[in-house]
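Right, one structure below, let's go through it.
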Amino acid sequence: MYRLDQMGRQAMQKVDLSILPPDQEQAANKAMWQVQEEADEANLNALLAMLPPEGWFLKSRYGEGPSQTAFLIIQHSNLEQWRRFVPVLEPLVATGEVDGAQFGLMYDRLAVNEGRPQRYGTQVTCKNGRWVIDYDNLEDPANADRRRAEAGFPHTLAQYEARFASWPTCREN
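Take the sequence shown: its letters are residues 0 to 172, numbered as in numbering that gives the first Met the number 0.
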């Protein structure tokens, strides 16, 4: 399940579609994401069918691998699932059963999709052809790096944003 989730995404990061005319770029991007979304849906259905009674794959019971794989599958699912699992995961961070940085990624994804500011600055947006953090859509930006460190993120916002410099250019929607 982990490989199904990650292989297509890793391949798409290496493909620079910006060399295509905009209509062909959009068509190619749509076709690639359609394949990925089909894999995501299959993964989600399989995961939900095996979800443990306690509501999550606790690290102490199932190990780091299943917990991380479950996170990725839910993170790559949909608004309904984020709304379902963010409240489940939040108290598990305090007990060490869920990785704080993983929770932060899902929290921010839900916030952005609900039109709320991010807390950890994990979701990037396309501006001027580059992937960047939208600092105007961030809770208390002056304390974001402190929140990131407390959650277990290994990088500051600036270091995190620098990672995206190597990504192919993007087009704003």
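Note that CB positions come from ideal geometry on N, CA and C, so glycine has one too.
Counted as a single uninterrupted DSSP element, the alpha helix (DSSP H) harbouring R147 occupies residues 143-150.
The beta carbon of W166 sits closer than 7 Å to those of Q12, W130, all from its chain and outside the five residues before and after it, given in chain order. Rounded to whole angstroms, the separation of the alpha carbons of E138 and G7 is 32 Å. Counting along the chain, K126 sits inside the beta strand (DSSP E) bounded by residues 123-126. V131 sits in a strand when the DSSP states are folded into three classes. Beyond the five residues adjoining it in sequence on each side, F152 comes within less than 7 Å, by CB distance, of A100, G103, Y119 in the same chain, given in chain order.
In its chain, beyond the 5 residues on either side, W130, V131, I132, F163 have a beta carbon closer than 7 Å to the beta carbon of V123. Within the DSSP bridge table, the entry for L137 names Q117 as partners. Of A93, T94, P90, L50, the smallest CA-CA separation from Q80 is found for L50. Linking A45 to Q74 through their CA atoms gives a straight-line distance of about 15 Å. In the displayed model, V87 falls within a helix according to three-state DSSP. Note that the stretch 89-98 touches the stretch 49-69; at least 3 beta-carbon pairs, one per stretch, sit closer than 8 Å.
When secondary structure is reduced to three states using DSSP, F70 falls in the helix class. Rounded to whole angstroms, the separation of the alpha carbons of V85 and M105 is 7 Å. M105 sits in a helix when the DSSP states are folded into three classes. For the 8 Å CB-CB criterion, D4 and N42 form a contact. Sixteen is the threshold: when 16 or more other Cβ atoms of the shown chains lie within 10 Å of the Cβ of S76, as they do, the residue is buried.
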